[in-house]
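*Asks:* What follows is a structure written as structure tokens; I'll ask about it next.
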Amino acid sequence: MLTETIETVPIRSSEDIVRVRQKVRFHADAMGMSLIDQTKIITAASEIARNTFEYGGGGELLLEILRDGARRGLRVTFSDEGPGIADIEQAMSDHFTTGGGLGLGLGGAKRLVNEFDIKSQPGEGTRISLIRWK
Amino acid sequence: MPANFDALASAIEQSEKDLLRRWIAALTAAGATRSGQTSDKDLKDACGRFLNELRNAIKNGAGEDISSEQWQNAREVLEEISTARALRGYSPVETALFVFSLKEPLFDLLRQTLAREERLADVLVASGGLLDRLGLFTTEVYQKSREEVIKRQQDELLELSTPVIQLWDKILALPLIGTLDSARTQTVMENLLQMIVDAEAEIAIIDITGVPAVDTLVAQHLIKTVAAARLMGADCIISGIRPQIAQTIVHLGLDLQVVSKATMADALSLALKKTGQKVERIAARG
Ligand SMILES: Nc1ncnc2c1ncn2[C@@H]1O[C@H](COP(=O)(O)OP(=O)(O)OP(=O)(O)O)[C@@H](O)[C@H]1O
Ligand SMILES: [Mg+2]
Chain A
9 MLTETIETVP IRSSEDIVRV RQKVRFHADA MGMSLIDQTK IITAASEIAR NTFEYGGGGE
69 LLLEILRDGA RRGLRVTFSD EGPGIADIEQ AMSDHFTTGG GLGLGLGGAK RLVNEFDIKS
129 QPGEGTRISL IRWK
Chain B
28 MPANFDALAS AIEQSEKDLL RRWIAALTAA GATRSGQTSD KDLKDACGRF LNELRNAIKN
88 GAGEDISSEQ WQNAREVLEE ISTARALRGY SPVETALFVF SLKEPLFDLL RQTLAREERL
148 ADVLVASGGL LDRLGLFTTE VYQKSREEVI KRQQDELLEL STPVIQLWDK ILALPLIGTL
208 DSARTQTVME NLLQMIVDAE AEIAIIDITG VPAVDTLVAQ HLIKTVAAAR LMGADCIISG
268 IRPQIAQTIV HLGLDLQVVS KATMADALSL ALKKTGQKVE RIAARG
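Keeping their order, the protein sequence lines are chains A and B.
Just so you know, the first sequence maps onto residues 9 to 142 in this note's numbering.
Just so you know, the second sequence maps onto residues 28 to 313 in this note's numbering.
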């Protein structure tokens, strides 16, 4: 599988979350994703970006294009050096929130993409990768 | 140092007209009038006033520190000029040029007037430093004015993008366009609640055709708005949920806790029914 890094986007303010959505939209559109797939990956990225900002204390988005044979996909990876998540299963479950939200961001993002990968440990920060294939 | 400034002031006094003419020529050559955006007369006025205040300040014993009392009038002239330029969309460089392009004609003048005097170098250095500080002051003012312009535009946008429309007796419509951040949601909610009271509305149709993505935060904002409207005695209908948005709402597992309709027209017909109103086609004539 070939990966091509496109760019990184800092996540330091709520305006940056809007920029994340715009970048993801731009690249999803440029690779010819359908409107429905675009909206799914944009919405999922918006969720994880906001968690990165709110719970991770800010971080970074890495945008990559993947090629696997004839298949092309967009991978968005968010990383932060925040407190990390002790119980990932609990955090992923619907309606669990420690921040007064709806508690649907993590679970919802997972349902919106084709591949979802989360690595997190208390004190080690959090890294979440989402892939949407075209 | 004041001695150096005295030499500067008397040089200005001696050949004020000539200096003014050459300064304006330099400014015009550098494009300061911006093909008519600032009239020649305005430019001449501004230059004349500044030279005058520059001279007065020095006469009143002003020193190097341009934030001092004696520089007040000169600062005011510069403030006025920089603010006007910021509002007209001049660049910071174009704004700073106002003061900086005085340097060359002024230095020429000093070289002529003090040709054989030893203090020429000192006077030039002191005058150069003074003009640099005054020039930087204009960019500082410019920056502040631009920030105010941007802030005002943002405020206007907040208001602009959240109109509440009376659609029918007892029926309001709220077309949402763009990103629903927390600040905008607050404005939207306040406008809507006020209109519900003013129009004695029973139904509010919130149309999200113009919202690019509905994530959990947008959903939370919608749910709050709907709940607040309900407390004021109005029910909400959400319309304009496009197919791709409907799919993401389902995948996220969101429950908007409100009736939704595909289009504003469908929402209006439901609203009419709920408020006991009816629109009838007039029988075709002839
Ligand atoms: N990057 C992160 N660092 C630390 N904790 C996190 C991070 N991301 C998520 N969490 C934890 O996981 C919980 C669940 O996240 P999720 O996005 O599902 O819900 P939420 O953000 O609380 O609400 P919503 O996303 O619905 O508005 C959060 O409340 C938080 O405790
Ligand atoms: Mg979240």
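Heads up, the beta-carbon is just placed ideally off N, CA and C, and yes, glycines get one too.
For chain D, check one thing: does any of its Cβ atoms lie closer than 8 Å to the Cβ of residue 131/A?
*Replies:* This model lacks chain D altogether, as its protein chains are A and B.
*Asks:* Ignore the nearest five residues each way along the sequence and tell me which others in residue 43/B's own chain have a CB closer than 7 Å to its CB.
*Replies:* 78
*Asks:* Where in the segment 76–124 of chain B do unbroken runs of the alpha helix (DSSP H), each at least 4 residues long, occur, reported from the N-terminal end onward?
*Replies:* 99–114
*Asks:* Where does residue 209/B sit, in a helix, a strand or coil, going by DSSP?
*Replies:* helix
*Asks:* Who are the near neighbours of residue 14/A in its chain, counting only those whose CB is closer than 8 Å to its CB and skipping five residues on each side?
*Replies:* 35, 71, 72 and 73
*Asks:* Quick one: does residue 69/B have its CB under 8 Å from some CB of chain A?
*Replies:* no
*Asks:* Could you check the C-alpha separation between residue 138/B and residue 117/B for me, to the nearest Å?
*Replies:* Looking at the two C-alpha atoms, the distance is approximately 32 Å.
*Asks:* Looking only at its chain, what residues have a beta carbon closer than 7 Å to the beta carbon of residue 101/A, apart from the 5 residues adjacent to it on each side?
*Replies:* 115
*Asks:* Count the other C-beta atoms from every protein chain shown that fall within 10 angstroms of the C-beta of residue 132/B, then say buried if there are 16 or more, exposed otherwise.
*Replies:* buried
*Asks:* State the DSSP-derived secondary structure class of residue 281/B, mapped to helix, strand or coil.
*Replies:* coil
*Asks:* Within the structure, which residues are defined as neighbours of ligand 2 by a Cβ-heavy atom distance below 5 Å, reported in chain order?
*Replies:* 59/A and 113/A
*Asks:* Residues of chain A with a CB under 8 Å from the CB of residue 272/B: which are they?
*Replies:* 47
*Asks:* Between the alpha carbons of residue 76/B and residue 104/B, how many angstroms are there, rounded?
*Replies:* 7 Å
*Asks:* Determine the extent of the alpha helix (DSSP H) in which residue 349/B is found, giving its start and end residues.
*Replies:* Outside the modelled stretch of chain B, which goes from 28 to 313, sits residue 349/B, for which no answer is possible.
*Asks:* Assuming residue 98/B contacts residue 89/B under a Cβ cut-off of 8 Å, what Cβ separation, rounded to an integer in Å, is found between them?
*Replies:* 5 Å
*Asks:* Taking only beta carbons into account, state which residues of the segment 19–42 of chain A come closer than 7 Å to chain B, listed in chain order.
*Replies:* 22, 26 and 29
*Asks:* State yes or no: is the C-beta of residue 104/A nearer than 7 Å to some heavy atom of ligand 1?
*Replies:* yes
*Asks:* Applying a beta-carbon distance threshold of less than 7 Å, which residues of chain A neighbour residue 243/B?
*Replies:* 55, 109, 110, 112, 113 and 116
*Asks:* Name, please, each residue of chain A whose Cβ falls closer than 7 Å to the Cβ of residue 206/B.
*Replies:* 26
*Asks:* Got a sec? Which residues, its chain only, sit under 7 Å from residue 151/B by beta carbon, not counting five neighbours each side?
*Replies:* Within the same chain, Cβ atoms closer than 7 Å to the Cβ of residue 151/B are found at 134 and 137, the five residues on either side in sequence being excluded.
*Asks:* I need the DSSP call for residue 311/B, collapsed to helix, strand or coil.
*Replies:* DSSP places residue 311/B in coil when its eight states are reduced to three.
*Asks:* Does the count of Cβ pairs from the segment 289–306 of chain B and the segment 230–239 of chain B closer than 8 Å reach three?
*Replies:* yes
*Asks:* Taking residue 24/A as the reference, which of 86/A, 82/A and 11/A has the closest Cα?
*Replies:* 86/A
*Asks:* Look up residue 74/B in the DSSP assignment and give the residues it is bridged to.
*Replies:* Answer by DSSP bridge pairing: none, since residue 74/B is not bridged.
*Asks:* Would residue 129/A be called buried (16 or more neighbouring beta carbons within 10 Å of its own) or exposed?
*Replies:* exposed
*Asks:* So the candidates are 215/B, 239/B and 309/B; which of them puts its Cα closest to the Cα of residue 250/B?
*Replies:* 215/B
*Asks:* Kindly indicate which three-state DSSP category residue 193/B falls into: helix, strand or coil?
*Replies:* strand
*Asks:* Extract the residue ranges of the beta strand (DSSP E) inside the segment 236–294 of chain B, only unbroken runs of 3 or more that lie entirely within it.
*Replies:* 262–266 and 286–288
*Asks:* Examine the Cβ distances between the segment 271–280 of chain B and the segment 108–123 of chain A and report whether three or more of them are shorter than 8 Å.
*Replies:* yes
*Asks:* CB of residue 55/A to nearest heavy atom of ligand 1: below 7 Å?
*Replies:* yes
*Asks:* Cβ atoms of residue 138/A and residue 50/A: under 8 Å apart, would you say?
*Replies:* no
*Asks:* Exposed or buried, which one is residue 80/B when buried takes at least 16 other CB atoms within 10 Å?
*Replies:* buried
*Asks:* For residue 38/A and residue 46/A, what's the separation of their Cα atoms in angstroms?
*Replies:* Residue 46/A has its alpha-carbon roughly 10 Å from the corresponding atom of residue 38/A.
*Asks:* If you run the structure through DSSP and keep just helix, strand and coil, what is residue 164/B?
*Replies:* Residue 164/B falls in the helix class under three-state DSSP.
*Asks:* Identify the contact partners of residue 120/A in chain B, using a Cβ-Cβ distance below 8 Å as the criterion.
*Replies:* 275, 278 and 279
*Asks:* Measure from the alpha carbon of residue 135/A to the alpha carbon of each residue in 66/A, 41/A and 111/A, then state which is nearest.
*Replies:* For the residues 66/A, 41/A and 111/A, the minimum Cα distance to residue 135/A belongs to 66/A.
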